[in-house]
Amino acid sequence: MLLNVNATRMELLRLRKRLSLARRGHKLLKDKRDELMRQLLEVIDRVKELRFSIEKEFQSILERFVLAKAAMGPYQVEQELLLPVKKISVSISKRNIISVRVPVYAKEVSGDIIPYGYMNTSGEMDIALNDFDKFIDNLLDLAEKEKAVQLMATEIEETRRRVNVLEYKLIPSIIETIRFITMKLDETERSNVVRLMKVIDIVRSH
Amino acid sequence: MVTRIAAFGESDIMLIFKAVGIDVFPVTAGIEEISEAEKKLRQLAGEGYGIIFMTETIAIKLDQIIKEYSNKLLPSIVVIPGLGKRNNYAIRNLRRAITKAVGADVMAEEKLGANK
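Right, here's the structure in full:
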């Protein structure tokens, strides 16, 4: 599609500059997209494996916990776990993957997982809780990786759109406009020459 | 930046999260309660919880909000399986993200490849 510009020499020079800029931008964005894609594909497999193994393990822990809870009676369990001693928080820092900022979690814990005395509780409960305590690390790891995948996917989509706009829309239309202006200028040039020749003819015939 | 962790889901499962010191918010997946859960989730995200765990049954009802937050740095919403029937919400979500990025379903292709 032709850009809406005047067919002048100034405009031609300006367009040539824009074309080279657009080409450079296109190349950079394309590189960015390819690299992001490579990184994403690398991470995907690991995330998928992690997800499957975590889901399996979590369910088995959960089942054990629920069984232990059933054995002890729900009220008893609620009472024992009413005031947890353990405190957990995460400190978040950012990592930069080709201008995509992804979070990195570091866990900060204090206190022990078992908040109750061993008098009224069953051993299964302790085991389930201890397992879950170890398991938390995996969950945080998964949280970090899944977020990274989400963020990278969004960024790739955006970059891909930009690359496509440049490649299939902006650059072709600039090229077309440049051609249009050159032809227009050539045409003016030719008509000028013809007019001059005509003038010379008229002048000579006198 | 230090943030806390929240967990969202059926009260049965929430107890185990409570034991490790995660802030728990028991909700149920009923039709009326879900709008409550929605409000609560937005509030938690606004309060700056960094990681929010959520069970599948709840997640599938709050799909819209999860999508909304998936493009933001915080919070990171992690969907975990609950008790009972699975619906594979997390895997589907992952696949959706990848399809969006690559323009093709990479995970499905792998499955096809594995079957050959």
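Those sequence lines, one after another, are chains A and B. This note's numbering numbers the first residue of the first sequence as 1196 and each following residue consecutively. This note's numbering numbers the first residue of the second sequence as 71 and each following residue consecutively. We treat Cβ as the ideally placed atom computed from N, Cα and C, and that holds for glycine. Note that the coordinates shown come from a computational prediction; the quantities given were computed from them, not determined experimentally.
What are the boundary residues of the alpha helix (DSSP H) that includes residue i?
{"i": "G1220/A", "result": "1204-1267"}
{"i": "S140/B", "result": "133-140"}
{"i": "V1388/A", "result": "1366-1400"}
{"i": "Y1363/A", "result": "Element bounds for Y1363/A: n/a, residue is neither H nor E."}
{"i": "L164/B", "result": "159-172"}
Could you name the residues that DSSP lists as bridge partners for residue i?
{"i": "M124/B", "result": "F78/B, V149/B"}
{"i": "V94/B", "result": "A77/B"}
{"i": "V72/B", "result": "S1286/A"}
Are the Cβ atoms of residue i and residue j separated by less than 8 Å?
{"i": "V1285/A", "j": "I83/B", "result": "no"}
{"i": "F1327/A", "j": "I1256/A", "result": "yes"}
{"i": "E1350/A", "j": "V1295/A", "result": "yes"}
{"i": "M1320/A", "j": "A1263/A", "result": "yes"}
{"i": "L1245/A", "j": "L1346/A", "result": "no"}
{"i": "I147/B", "j": "M124/B", "result": "yes"}
{"i": "L1276/A", "j": "K88/B", "result": "yes"}
{"i": "E126/B", "j": "G152/B", "result": "yes"}
{"i": "Y159/B", "j": "I130/B", "result": "yes"}
{"i": "R162/B", "j": "D175/B", "result": "no"}
{"i": "R1357/A", "j": "L1224/A", "result": "yes"}
{"i": "E1206/A", "j": "I1376/A", "result": "yes"}
{"i": "E1341/A", "j": "K170/B", "result": "no"}
{"i": "I128/B", "j": "F1260/A", "result": "no"}
{"i": "K1282/A", "j": "S1305/A", "result": "yes"}
{"i": "I1331/A", "j": "R1211/A", "result": "no"}
{"i": "L1335/A", "j": "K1302/A", "result": "yes"}
{"i": "E108/B", "j": "L132/B", "result": "yes"}
{"i": "E106/B", "j": "V94/B", "result": "no"}
{"i": "I1287/A", "j": "T73/B", "result": "yes"}
{"i": "I150/B", "j": "F1253/A", "result": "yes"}
{"i": "I1293/A", "j": "K1227/A", "result": "yes"}
{"i": "M1196/A", "j": "V172/B", "result": "no"}
Cα-Cα, which of the options is closest to residue i?
{"i": "I136/B", "options": "E103/B, A115/B, T73/B, P151/B", "result": "A115/B"}
{"i": "S1368/A", "options": "A1217/A, M1205/A, K1264/A", "result": "A1217/A"}
{"i": "P145/B", "options": "V1297/A, V1272/A, R1233/A, E1237/A", "result": "V1297/A"}
{"i": "T1354/A", "options": "R1385/A, G1220/A, L1214/A", "result": "G1220/A"}
{"i": "A167/B", "options": "K109/B, T127/B, S140/B, A77/B", "result": "S140/B"}
{"i": "A1343/A", "options": "K1289/A, K1379/A, R1385/A, V1389/A", "result": "K1289/A"}
{"i": "K142/B", "options": "F78/B, S105/B, Y119/B", "result": "Y119/B"}
{"i": "S1380/A", "options": "N1201/A, V1398/A, K1227/A", "result": "Note that residue 1380/A is Leu in the sequence shown, not Ser. Of the candidates N1201/A, V1398/A, K1227/A, the one whose C-alpha sits nearest the C-alpha of L1380/A is N1201/A."}
{"i": "V1272/A", "options": "D1226/A, N1291/A, T1316/A, E1382/A", "result": "T1316/A"}
{"i": "I1308/A", "options": "F78/B, V90/B, A77/B", "result": "V90/B"}
{"i": "M1267/A", "options": "Y1313/A, V1238/A, F1247/A, R1228/A", "result": "Y1313/A"}
{"i": "K1251/A", "options": "L1208/A, V1398/A, R1399/A, N1333/A", "result": "N1333/A"}
{"i": "V1242/A", "options": "T1203/A, Y1311/A, L1198/A, E1339/A", "result": "E1339/A"}
{"i": "E1230/A", "options": "H1401/A, A1348/A, L1208/A", "result": "A1348/A"}
{"i": "N1359/A", "options": "R1209/A, K1222/A, H1401/A", "result": "K1222/A"}
{"i": "Q1274/A", "options": "Y1311/A, I1239/A, E1258/A", "result": "Y1311/A"}
{"i": "L1322/A", "options": "E1258/A, P1269/A, L1361/A, E1362/A", "result": "First, the amino acid is wrong: residue 1322/A is Ile here, not Leu. Comparing Cα-Cα distances from I1322/A to each of E1258/A, P1269/A, L1361/A, E1362/A, the minimum goes to E1258/A."}
{"i": "Y1270/A", "options": "S81/B, A77/B, M71/B", "result": "S81/B"}
Can you name the start and end residues of the beta strand (DSSP E) that residue i belongs to?
{"i": "V1297/A", "result": "1295-1305"}
{"i": "V1285/A", "result": "1282-1292"}
For residue i, decide whether its Cβ has a neighbour in chain C, counting only Cβ atoms nearer than 8 Å.
{"i": "K1282/A", "result": "Absent from the structure: chain C. Protein chains present are A and B."}
| field | Members of the stretch 165-176 of chain B that neighbour chain A once the beta carbon cut-off is set at 8 Å | value | Answer set for the stretch 165-176 of chain B: A167, I168, K170, A171, V172, G173, V176.
| said: By the 9 Å beta-carbon criterion, what residues does the stretch 101-113 of chain B contribute toward chain A? | reply: So the list is empty, because no residue satisfies the distance condition.
| field | the stretch 73-84 of chain B: positions lying closer than 7 Å to chain A by Cβ | value | Those residues of the stretch 73-84 of chain B placed with their C-beta closer than 7 Å to a C-beta in chain A are T73, R74, I75, D82, I83, ordered along the chain.
| request: Check each residue of the stretch 1337-1364 of chain A: if its Cβ is closer than 9 Å to any Cβ of chain B, include it; give the result in chain order. | output: Those residues of the stretch 1337-1364 of chain A that come within reach of chain B (Cβ to Cβ, closer than 9 Å) are L1337, A1338, E1339, E1341, K1342, V1344, Q1345, L1346, M1347, A1348, T1349, E1350, I1351, E1352, R1355.
| message | Which residues of the stretch 1255-1278 of chain A have a Cβ closer than 8 Å to any Cβ of chain B? Give them in chain order. | response | Taking 8 Å as the Cβ-Cβ cut-off against chain B, the residues of the stretch 1255-1278 of chain A that qualify are I1256, L1257, E1258, F1260, V1261, K1264, V1272, E1273, L1276.
| message | Residues of the stretch 112-137 of chain B in Cβ contact with chain A at a cutoff of 8 Å, in chain order, please. | response | Here the close residues are G120, I121, F123.
| query | Which of the residues in the stretch 1239-1250 of chain A, read from start to end, lie with their CB under 9 Å from any CB of chain B? | reply | Residues passing the 9 Å Cβ filter: I1239, D1240, V1242, K1243, R1246, F1247, I1249, E1250.
| said: Against chain B, which members of the stretch 1376-1389 of chain A pass a CB distance test of less than 8 Å? | reply: Using a CB distance below 8 Å, no part of the stretch 1376-1389 of chain A faces chain B.
| Contacting positions in the stretch 1284-1296 of chain A - beta carbon closer than 9 Å to chain B | Those residues of the stretch 1284-1296 of chain A that come within reach of chain B (Cβ to Cβ, closer than 9 Å) are S1284, V1285, S1286, I1287, S1288, K1289, R1296.
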